[in-house]
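Have a look at the structure below before the remarks.
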Amino acid sequence: MDKLQLALKTAFASEYSFALKAQNFHWNVEGILFQQFHALFETIYDEVYGNIDVFAENIRKAKAYTPASLSRFSMLSVVEDETEILQAEQMCAELLADAEKLAELHKILFRLSEEAGEYGLSDFIAGRQDAFRKHAWMLRATLK
Ligand SMILES: [Fe+2]
């Protein structure tokens with residue numbers, strides 16, 4: 043497996059783990075601002091899940107198999123699992139750190155795609171980086 047294929051699998055597993063975490067927070071958040079946090083987390087996981095199939099197919103286009111099990115995701119993901127029930131602000135702070143990590147990962151992945159001359163892929167990855175920069179912005183603005 044080449045570097046590009048590994049980076050793709052890592053980013054894919056990380057995006058999936060991130061979406062699951064946002065969904066976890068959507069379900070389990072509590073407090074006076076419940077409705078706002080509940081809706082924000084939904085906006086975030088909807089966006090990520092909405093792109094997950096295209097991402098998976100990009101891995102297949104790169105001649106690698108798409109990881110698609112919880113054990114493979116936890117092996118590959120840079121987004122750590124959250125098993126505790128956090129306060130709403132902690133949820134935002136954790137997702138913000140994860141979103142920034144993902145935007146960085148996409149930066150590396152973009153460069154690898156360009157080096158390989160896979161411009162359709164780098165175009166898709168540029169969009170994913172931008173999506174995570176937007177998630178980071180919304181979470182950062184919520185925490186002010
Ligand atoms: Fe819901």
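This note's numbering puts the sequence shown at residues 43 to 186.
Even glycine gets a Cβ: it sits at the ideal position worked out from N, Cα and C.
Asked                                                                                                         : Found
Simplified DSSP state of Thr184, which is helix, strand or coil                                               : helix
Alpha-carbon to alpha-carbon, Arg102 and Leu185                                                               : 38 Å
Residue nearest to Leu181 in terms of C-alpha spacing, selected from Tyr161, Leu151, Ala135                   : Ala135
Rounded C-alpha distance that separates Leu75 from Phe83                                                      : 12 Å
Ile86 vs Phe54 beta-carbon contact at 9 Å                                                                     : no
Of the residues Lys105, Trp179, Tyr161, the one placed nearest Ala141, counting alpha carbons only            : Trp179
Cβ-heavy atom distance, Glu84 to ligand 1, below 8 Å                                                          : yes
Glu72 classed as buried or exposed, judged by whether at least 16 other C-beta atoms fall within 10 angstroms : exposed
Buried or exposed (CB count within 10 angstroms, at least 16 for buried), Leu112                              : exposed
Burial state of Ala110 (16 or more Cβ within 10 Å)                                                            : exposed
Where Glu156 sits in the DSSP three-state scheme                                                              : helix
Alpha carbon of Phe171 to alpha carbon of Ala145, nearest angstrom                                            : Checking the displayed sequence, the identity of residue 171 turns out to be Gln instead of Phe. Cα-Cα distance, rounded: 5 Å.
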